[in-house]
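Chains as they are written, first to last, in this note's numbering: chain A, 1379 to 1642; chain B, 1379 to 1642.
Note that CB positions come from ideal geometry on N, CA and C, so glycine has one too.
What you are looking at is a predicted structure, and each value in this text was computed from that prediction instead of being measured.
Number of protein chains: 2
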Amino acid sequence: MTDTPDFKTLLAFAHDLADAAARVTLPLFRNLPDIDNKATDGFDPVTQADRNAEAAIRILLETNYPSHAICGEEFGTKDGDDFEWVLDPIDGTRAFISGIPTWGTLIAANDKSEVKLGIMDQPFTGERYFAASGLGAFLRFDGADKKLSCRACSTLDEAILATTSPQLFDKTPQQDVWNTLSDAVQLTRYGGDCYNYALLAGGHIDLVVEQVLQPYDIQALIPIVEEAGGIVTNWQGGDAIKGGQIIAAGDARLHKAAMDILNG
Amino acid sequence: MTDTPDFKTLLAFAHDLADAAARVTLPLFRNLPDIDNKATDGFDPVTQADRNAEAAIRILLETNYPSHAICGEEFGTKDGDDFEWVLDPIDGTRAFISGIPTWGTLIAANDKSEVKLGIMDQPFTGERYFAASGLGAFLRFDGADKKLSCRACSTLDEAILATTSPQLFDKTPQQDVWNTLSDAVQLTRYGGDCYNYALLAGGHIDLVVEQVLQPYDIQALIPIVEEAGGIVTNWQGGDAIKGGQIIAAGDARLHKAAMDILNG
Chain A
1379 MTDTPDFKTL LAFAHDLADA AARVTLPLFR NLPDIDNKAT DGFDPVTQAD
1429 RNAEAAIRIL LETNYPSHAI CGEEFGTKDG DDFEWVLDPI DGTRAFISGI
1479 PTWGTLIAAN DKSEVKLGIM DQPFTGERYF AASGLGAFLR FDGADKKLSC
1529 RACSTLDEAI LATTSPQLFD KTPQQDVWNT LSDAVQLTRY GGDCYNYALL
1579 AGGHIDLVVE QVLQPYDIQA LIPIVEEAGG IVTNWQGGDA IKGGQIIAAG
1629 DARLHKAAMD ILNG
Chain B
1379 MTDTPDFKTL LAFAHDLADA AARVTLPLFR NLPDIDNKAT DGFDPVTQAD
1429 RNAEAAIRIL LETNYPSHAI CGEEFGTKDG DDFEWVLDPI DGTRAFISGI
1479 PTWGTLIAAN DKSEVKLGIM DQPFTGERYF AASGLGAFLR FDGADKKLSC
1529 RACSTLDEAI LATTSPQLFD KTPQQDVWNT LSDAVQLTRY GGDCYNYALL
1579 AGGHIDLVVE QVLQPYDIQA LIPIVEEAGG IVTNWQGGDA IKGGQIIAAG
1629 DARLHKAAMD ILNG
């Protein structure tokens, strides 16, 4: 085990990683030369932007923190010491290829038990959401950092709920559970990918429910939501760090009310 | 009947209208003091931003073109001569209140038979889509105007389809028709409001299908899509100017293929 750098240093470095990714992704947004499919059973676009952005991040990581572990969507896992970087260079590739600016670059670092820092960067809109344990969650926009804070919302009938697509819930029994939840809230929004969690941290929406998430889809978003006062767990109320079925809420009372529905 | 101003002059004036609306909407985006409901049978948020933005536009219209007719979402119809302005100050109020930057200010002008110019302004991302008959369609972004052009896409299985919400199609028989169409395309995206039509004009998506649109929801988008080489009609292939069930496609072959499904 090597010495763990302090979070402020790591967070500053993580901003450099996001900058490096943006230099690859942004010129290709709405300007893709090619799309290929990695899934044989369906449409799962992986762009050159995705691969090149992760490569750009990994070069910096391996240069500056060669002992750290890495887990990336595109290039897999590299073993390392007690600190692990978890990367999704373009979360929301379907939004990316459709020209919709709700994708984001996700960068997380965990100590193998807890996520210590996270960044969600949306370079087209110029929004960068970031957080580190004990340091708060912030939106960097237009040259200023604004502290993020979830809003109070105690009951489902006042809540705005978001998820990336109804197709996440196209099979029973999850479809029934989803429909019950969607019927109980004030407003359901589809689309959004990682952007939904950022909006939750900003106090604009109240609840995000998804499933089939990978660790790299959610880890960066955990400190952003938690440092803004929200809560992120799996549907059973356990740790979200491994992905799977995820519920994020800005208000613990709403989290409980939604959990009651999700668990039938 | 008064003399009709030339389109270039009107288009320059329409940009002033969009600027005036943005000065009202943007400071309130993600910063709303209040939300009230105008529908008694459901959740239909109308914000102060919506009303104030339309008022700001109407003041300029009534000062500069007092003889023109106006049809606005918030303040209704004003009779006038052979030119009519059709306004939706915030198309996508649900996106607006949820902090999602896919809403837009829609400004159209028609000669009572054909829409002659249209603007879709998204002031948070800084994108302004605009078009006028015979002058082309453009995206103004970051200080430059870029000509818009729909992309070729001849078959449904290669197409990206978008609509604002699956809840637009939650009743039969439209639900069955929608599901058949969605199953036939490569990728379906939900969310987006007016932004979807702009992405279609930009050549990023291929097909937008919606229903229950008002004239002010669609008129501004007609010249933007058509001047980019696309096609906008109702589901029966007729004029889209009155709203209703709308289909927009970037490629006439795709429009025909989708129409075949929509009409069973």
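For Arg-1506(B), DSSP records a beta bridge to Asp-1499(B) and Arg-1518(B). At least one CB of chain A lies nearer than 8 Å to the CB of Tyr-1568(B).
In terms of Cα proximity to Gly-1607(B), the closest of Glu-1588(B), Leu-1404(B) and His-1633(B) is His-1633(B). With distances taken between CA atoms, Trp-1463(A) lies nearest to Phe-1385(A) out of Gly-1521(A), Phe-1385(A) and Tyr-1568(A). Along the stretch 1449-1483 of chain A, going in chain order, the ones with a CB nearer than 8 Å to a CB of chain B are Arg-1472, Ala-1473, Ile-1475, Ser-1476, Gly-1477, Ile-1478, Pro-1479 and Thr-1480.
Close to Ser-1511(B), with beta-carbon spacing below 9 Å, lies no residue of chain A; the smallest spacing is near 25 Å.
Residue pairing of Lys-1525(B) in beta bridges, as defined by DSSP: Phe-1516(B). Gly-1628(A) does not reach chain B, its nearest Cβ partner there being about 12 Å away, counting only Cβ pairs nearer than 8 Å. Take the alpha-carbon of Leu-1599(A) and the one of Arg-1631(A): they are about 20 Å apart. Here Trp-1463(B) carries a strand assignment [DSSP, helix/strand/coil]. Taking a C-beta cut-off of 9 Å against chain B, none of the residues of the stretch 1591-1625 of chain A qualify. Note that the stretch 1471-1486 of chain B touches the stretch 1564-1579 of chain A; at least 3 beta-carbon pairs, one per stretch, sit closer than 8 Å. Taking 8 Å as the CB threshold, Gly-1521(B) stays off the interface with chain A.
Taking 8 Å as the CB threshold, Ile-1435(B) stays off the interface with chain A.
At a beta-carbon threshold of 8 Å, the residues of chain A lying near Thr-1503(B) are Pro-1479, Phe-1502 and Thr-1503, ordered along the chain.
By the neighbour-count criterion, in which 16 or more other beta carbons inside 10 Å mark a residue as buried, Ile-1437(B) falls on the exposed side. DSSP lists Ala-1540(B) as the beta-bridge partner residues of Arg-1567(B). For Ser-1543(B), the closest Cβ of chain A is nearer than 8 Å.
Within chain B, Arg-1408, Ser-1476, Gly-1477 and Ile-1478 have C-beta atoms less than 9 Å from the C-beta of Leu-1577(A), given in sequence order. Within the same chain, and ignoring the five residues on either side of Leu-1565(A) in sequence, the residues whose Cβ sits closer than 6 Å to its Cβ are Ile-1538. Assigned with DSSP and collapsed to three states, Asp-1457(B) falls in coil, not helix or strand. Contact check between the stretch 1616-1632 of chain A and the stretch 1578-1596 of chain A: three or more CB pairs, one atom from each, fall below 8 Å, which counts as touching. Close to Ile-1485(A), with beta-carbon spacing below 9 Å, lies no residue of chain B; the smallest spacing is near 22 Å. By the C-beta density criterion, Arg-1506(B) is buried, having at least 16 other C-beta atoms within 10 angstroms. No residue range can be given for Gln-1545(B), since it is assigned to no beta strand (DSSP E) and is classified by DSSP as neither H nor E.
For Ile-1583(B), a Cβ of chain A is located within less than 8 Å of the residue's own Cβ. Secondary structure of Lys-1634(B) (DSSP, three-state): helix. Excluding residues up to 5 positions away in sequence, Gly-1470, Tyr-1568, Gly-1569, Gly-1570, Asp-1571, Asn-1574 and Glu-1588 lie with their Cβ nearer than 8 Å to the Cβ of Thr-1542(B) in the same chain. Put simply, the CB of Ile-1538(A) is near chain B, with a gap under 8 Å to one of its CB atoms. Beta-bridge pairing by DSSP links Val-1402(A) to no other residue.
If you ignore the 5 residues before and after Ile-1596(A), its C-beta comes within less than 6 Å of the C-beta of Ala-1618, Gly-1621 and Ile-1624, all in its own chain and listed in chain order. Against Gly-1580(A), the close residues of chain B are Arg-1408 and Gly-1477, in the order they occur along the chain (beta-carbon pairs closer than 8 Å). If you draw a 10 Å sphere on the C-beta of Asn-1488(A), you find 16 or more other C-beta atoms in it, and that means buried. Selection Glu-1536(A), Leu-1526(A) and Ala-1399(A) evaluated against Arg-1518(A) yields Leu-1526(A) as nearest (Cα-Cα). Ala-1427(A) is positioned such that its CB atom lies closer than 8 Å to that of Ile-1468(A).
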